[in-house]
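Chains as they are written, first to last, in my numbering: chain B, 8 to 131; chain L, 15 to 123.
To start, the structure itself, in structure tokens.
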Amino acid sequence: MRRILIIDDEDDIREVAALSLESMAGWHVTTASSGAEGIRAALADPPDAILMDVMMPMMDGPTTFKEMQAIPAIAHIPVLLLTAKVQGVDQRRFAGLGVAAVLFKPFDPLTLASQMSTALGWTT
Amino acid sequence: MAPPTANPDVTRELLARLWERSLPVVRERLDVLDSAAAAAINNALTDDIRSHAIAEAHKLAGSLGMFGYSEGTELARGIEVLLESAGAPPADRLSTLATSLRVSLFPSA
């Protein structure tokens, strides 16, 4: 079973994403509501992939990603950024960070898992 | 292709429950946008009010579509773009968008 860590400061996004991945893909999901909490969670129990919001207070998604990249124990975990920014300049900036993929809000809860699988090259 | 465990009906049902649970927060966010529109009409749109409204519009834009309210996402995105633009936003347009957003979510209210 795939294990996913969702990092997002918004309760409704975390809940819908978790519900989506659990009920549509049968994945095991854990959540964190901040970048710092997400790093601690990833270190404590490294997931197969991380789905993380871009805009978060204190430490945003790109900053959290860079912090993770500096920690060898979790640097290998693929990260998918989730953003509601639709401007091309933002999309290119996020994609240029080296993340596995940039996904967009609002996502479709019925297809989020398949979107992630495709982006990560997962066949199951 | 969806895995064997996929259960769209259960997912939809649970989503409907989550939507019901999130309604108080959604209404608070709409109130913030209404307040910003009212402030703009009265030439009283401060940076704080504007920043707060941009943040709430952004959150609505990113979440409403998950619950099937695609028009709500587009309207919220329009408000966010309007408020992020340089200079004073057109108050009438802002007010119209805020009203349309509320109606798109709660047509009978």
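Just so it is clear, CB atoms sit at the ideal spot from N, CA and C, and this is done for glycine as well.
Going by DSSP in three states, residue i sits in which element: helix, strand or coil?
i, result
"THR118 of chain B", "coil"
"THR13 of chain L", "As shown, chain L starts at 15 and ends at 123. That puts residue 13 of chain L outside it, with no answer to give."
"THR110 of chain L", "helix"
"THR125 of chain B", "helix"
"ARG10 of chain B", "strand"
"ALA39 of chain B", "strand"
Take residue i and list the residues in its own chain whose beta-carbon comes closer than 7 Å to its own, dropping the five residues that flank it on each side.
i, result
"ALA102 of chain B", "VAL109"
"ALA39 of chain B", "LEU12, ILE14, GLY45 and ALA48"
"GLU85 of chain L", "SER118"
"SER109 of chain L", "ALA51 and ILE55"
"GLY33 of chain B", "MET8"
"VAL71 of chain L", "Going by the sequence as given, residue 71 of chain L is Ala instead of Val. These residues qualify, in order along the chain: LEU47, ALA90, ILE93, GLU94 and LEU97."
"PRO103 of chain L", "ALA54, LEU96 and LEU97"
Excluding the 5 residues flanking residue i on each side, which residues of the same chain have their C-beta closer than 8 Å to its C-beta?
i, result
"LEU117 of chain B", "SER27 and MET31"
"PHE111 of chain B", "LEU89, THR90, ALA91 and VAL93"
"GLY79 of chain L", "GLY86 and THR87"
"SER41 of chain B", "ILE14, ASP16, MET63, PRO64, MET65 and MET66"
"TRP129 of chain B", "ARG9 and MET123"
"ILE68 of chain L", "GLU94, LEU97 and GLU98"
"MET15 of chain L", "Unreliable positioning characterises MET15 of chain L in this predicted model, as indicated by a pLDDT of 45, which lies under 50. The coordinate reading is nonetheless provided below. Same-chain partners within the cutoff: there are none."
"GLN98 of chain B", "THR90, LYS92 and VAL109"
Rounded to whole angstroms, how far is the Cβ of residue i from the Cβ of residue j, which I believe are closer than 8 Å?
i, j, result
"PRO53 of chain B", "ILE81 of chain B", "6 Å"
"ARG64 of chain L", "ALA50 of chain L", "7 Å"
"LEU59 of chain L", "LEU115 of chain L", "Not quite, the Cβ-Cβ distance comes to about 18 Å (not below 8 Å), so this is no contact."
"LEU119 of chain B", "VAL106 of chain B", "The Cβ separation is near 16 Å, so there is no contact."
"GLU22 of chain B", "LEU89 of chain L", "Their Cβ separation, rounded to whole angstroms, is 23 Å, which puts GLU22 of chain B and LEU89 of chain L out of contact at 8 Å."
"GLY76 of chain L", "ILE57 of chain B", "About 18 Å separates the two Cβ atoms, so there is no contact after all."
"VAL40 of chain L", "HIS66 of chain L", "About 16 Å separates the two Cβ atoms, so there is no contact after all."
"PHE81 of chain L", "LEU28 of chain L", "Contact flag wrong, Cβ pair sits at about 11 Å."
"PRO85 of chain B", "LEU50 of chain B", "Actually they do not touch by this definition, with Cβ atoms about 16 Å apart."
"VAL36 of chain B", "ALA43 of chain B", "Going by Cβ atoms, the distance from VAL36 of chain B to ALA43 of chain B rounds to 19 Å, so no, they are not a contact pair."
Ignore the nearest five residues each way along the sequence and tell me which others in residue i's own chain have a CB closer than 6 Å to its CB.
i, result
"ASP48 of chain L", "ALA112"
"ASP55 of chain B", "ARG9 and ARG10"
"ASP60 of chain B", "ASP15, GLY68 and LEU89"
"ALA105 of chain L", "ALA54 and ILE55"
"GLY95 of chain B", "none"
"ASP18 of chain B", "none"
At a cut-off of 7 Å, is residue i close to the ligand MN when judged by its beta-carbon and the heavy atoms of the ligand?
i, result
"LEU119 of chain B", "This structure simply doesn't include the ligand MN, nor any ligand for that matter."
Worksheet item: How do the stretch 19–28 of chain L and the stretch 66–74 of chain B stand: do at least 3 beta-carbon pairs fall below 8 Å, yes or no?
Response: They do not touch, by the three-pair rule.
Discussion item. Please give the ranges of any beta strand (DSSP E) in the stretch 50–107 of chain B, keeping only runs that are unbroken, at least 3 residues long and fully inside the region.
Written reply: Runs of the beta strand (DSSP E) inside the stretch 50–107 of chain B: 56–60 and 86–90.
Worksheet item: Between the stretch 31–38 of chain L and the stretch 92–107 of chain L, do three or more beta carbon pairs fall short of 8 Å?
Response: Contact between the stretch 31–38 of chain L and the stretch 92–107 of chain L is absent: fewer than three C-beta pairs spanning the two stretches fall below 8 Å.
Worksheet item: Considering only residues of the stretch 44–91 of chain L, which uninterrupted beta strand (DSSP E) runs meet the minimum length of 3 residues and lie entirely inside it, listed in chain order?
Response: Within the stretch 44–91 of chain L, not a single complete beta strand (DSSP E) segment reaches 3 residues in length.
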